[in-house]
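What follows is one structure encoded as structure tokens, with my remarks underneath.
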Amino acid sequence: MAWDTARTRQALLDAAVDEFSEHGFDGARIERVSTRAGVNKERIYQYFGNKQQLFGHVLEAELERIATAIPLTVDQAADLGEYAGKLYDYHRSHPQFIRLLHWEGLKDGGAPALLETERTATYGARVAALAEAQANGTLDPSLEADDLFYAVLALGAWWFSVPQAVRMIFGGPAEPESERASMVRLVRRLVGQEPVG
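All residue numbers for the sequence shown refer to this note's numbering, where the first residue is 16 and numbers rise by one.
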């Protein structure tokens with residue numbers, strides 16, 4: 016029977032996502048990734064290189080996953096609140112992603128991020144979509160498009176980045192549906208797509 020290289024690589028990547036999101040780069044252990052995946056650790060070095068390179072592969076795969084899952088076009092900007100709701104849904108079903116970004120920031124501080132040029136271009140395309148939606152009257156132009164995009168990203172992640180603050184601000188634990196509805200309503204109000212009051 017032939018060795019399924021693609022399945023083995025994916026099992027290792029999936030295990031590494033969990034390991035790095037739970038323990039960060041410094042605390043992650045190649046042995047635990049190997050054990051989680053049920054694969055000899057030598058395969059990690061063969062397929063991905065060292066720990067630093069594995070972390071890079073994990074981030075790259077997760078960034079591609081979210082970029083594909085939640086694109087932002089001019090048409091989608093017509094309901095920016097729903098776009099924020101999709102971000103919320105993604106983070107709820109993939110909690111590792113926010114943790115990986117936090118660990119990346121803690122690890123590298125002010126150093127250039129992995130794939131920074133490509134990531135900047137992806138963000139730039141989304142900011143451009145918002146600017147076009149503002150120009151055609153779909154969105155309120157009173158906020159700069161880059162400020163608006165950052166606010167939506169931050170709101171979509173805040174629930175999962177600092178859940179204790181959300182609990183304190185909104186008065187206790189809430190059901191995911193009410194959290195999502197609150198965020199969607201807030202973004203719609205922010206951009207003038209829903210009246211306040």
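Ideal Cβ placement from N, Cα and C applies to all residues, glycine included.
Look up residue i in the DSSP assignment and say whether it is helix, strand or coil.
i    : result
D155 : coil
A126 : coil
S197 : helix
Q208 : coil
G120 : helix
E190 : coil
V54  : coil
M16  : Note that M16 scores 42 on pLDDT, short of 50, meaning its location in the model is unreliable and no value can be drawn from it.
Between the options, which has its C-alpha nearest residue i's C-alpha?
i    : options                : result
D19  : I184, Y103, A126, R58  : R58
A196 : A128, D155, L154, K101 : K101
S108 : G39, Q179, F70, E77    : E77
L95  : L168, G186, A172       : L168
H38  : I184, F70, G53         : F70
R204 : F35, V181, I184, L158  : L158
L87  : A160, P178, E209       : A160
D29  : A52, R47, T83          : A52
Q68  : F40, T50, A82, A84     : F40
V89  : R114, Q149, E194       : Q149
R80  : L154, A143, G186, I113 : I113
Y138 : A166, L115, A126, D155 : A166
So residue i is in the alpha helix (DSSP H); what residue range does that whole segment cover?
i    : result
D161 : 160-176
K101 : 95-108
D33  : 20-42
L8   : Residue 8 lies beyond the residue range present for the chain, which begins at 16 and ends at 212; the question has no answer from this structure.
T88  : Run containing T88: none; DSSP gives neither H nor E here.
G139 : 131-150
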